[in-house]
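A short worksheet on the structure shown next.
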């Protein structure tokens, strides 16, 4: 089996041959058709985001494909089922073994290749906006990076839930795309003060944050009393200063979460996120109310170009690697 992984200088990728994976207890093996490219992959390539203990060192956190082997106690999955899956690693490969609890059926109306754009964003958005922040109809949600894979999905889910949506992005073209998906308050972060815009609109009830330290003061200012912020990325740094007086006075809740390192089972585990995603998101996809947004698709041997596309900041939606047929 071929796979793609980072090599010693951490800025390069190499294709190599490795043994085929075997389906252990509670696992299935998927013959990969496509893999999603995520910022975590870019960080891992640079040596800044090692896989969790016991996870594959091969890059890739989500795939779509067909089940080719089923281990003991792997639920009702069968060989030949077309699926997509959430991974802790191993997706840039021709085959991957994955816990059955992290496998989802391909939604009706979505082709098998495009389905690779769904697991990471769908499970991330559900676990953070619904399970963590408890976003409700009528609330105002601020999404940083609205044109990203997570952002384009979050806009659509929040819109379906009846929330009002504000987004930040870096140019008008990206903001226009966010508006098409359901965002109503459009903030160009290169020219606008997002905190002031939010205060002018009564403050955000929920913020989905990918920036971390750089945006911490602005996010706290942007939240209304009783607001909740969920930080899922640290593109703006890891250390910031928090005014605890404002936190107390406004009765704010600040959460930090990751999906990759969670256990499979138990409260807060990947299995819970997958189950909730199947309950909430899959019917919306099958009804056409949420559409996977794919920016570009690259061949398996062009993983470096796929990384460059995502790293450029020009992508709108997901970048995919096409692995098999």
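In UniProt numbering, the protein residues as written are 1 to 325.
Beta carbons are placed, not taken as given, at the ideal position from N, Cα and C, and that holds for glycine.
Bear in mind that the values here come from a model prediction, so they are computed numbers and not experimental data.
| query | result |
| --- | --- |
| Assigned exposure category for residue 38 - 16 Cβ within 10 Å defines buried | buried |
| Proximity of residue 317 and residue 149 at Cβ, strictly below 8 angstroms | yes |
| Residue 135 beta carbon less than 8 angstroms from that of residue 197 | no |
| Three-state secondary structure assigned by DSSP to residue 9 | Residue placement at residue 9 is flagged as unreliable, the pLDDT there being 47, under the threshold of 50; a coordinate-derived value is accordingly withheld. |
| Per-residue burial, residue 237 [other beta carbons within 10 Å of its own, 16 or more giving buried] | exposed |
| Reduced DSSP category for residue 318 - H, G, I as helix; E, B as strand; rest coil | strand |
| Residues bridged to residue 66 (per DSSP) | 31, 82 |
| C-alpha distance - residue 139 paired with residue 229, whole-angstrom precision | 13 angstroms |
| Simplified DSSP assignment, three categories, for residue 299 | strand |
| Reduced DSSP category for residue 187 - H, G, I as helix; E, B as strand; rest coil | strand |
| Euclidean distance between Cα positions of residue 313 and residue 304 | 15 angstroms |
| Residue 40 to residue 246 span [Cα, whole Å] | 32 angstroms |
| Coil, strand or helix - residue 212 by DSSP | helix |
| Touch test, the segment 182-191 against the segment 119-126, Cβ-Cβ under 8 angstroms, three pairs minimum | no |
| Beta-carbon spacing of residue 66, residue 22 below 8 angstroms | no |
| Residue range of the unbroken beta strand (DSSP E) whose run includes residue 105 | 103-105 |
| Inter-residue CB distance, residue 36 and residue 310 (contact presumed, cutoff 8 angstroms) | Incorrect: roughly 10 angstroms between the Cβ atoms, too far for contact. |
| Local Cβ density within 10 Å of residue 255, reported as buried at 16 or more and exposed below that | exposed |
| Contacting residues, own chain, Cβ-Cβ under 8 angstroms from residue 8 (five flanking each side not counted) | Bear in mind that a pLDDT of 43 at residue 8, under 50, signals an unreliable position, so the number given afterwards is only what the model happens to contain. Hits under 8 angstroms: none found. |
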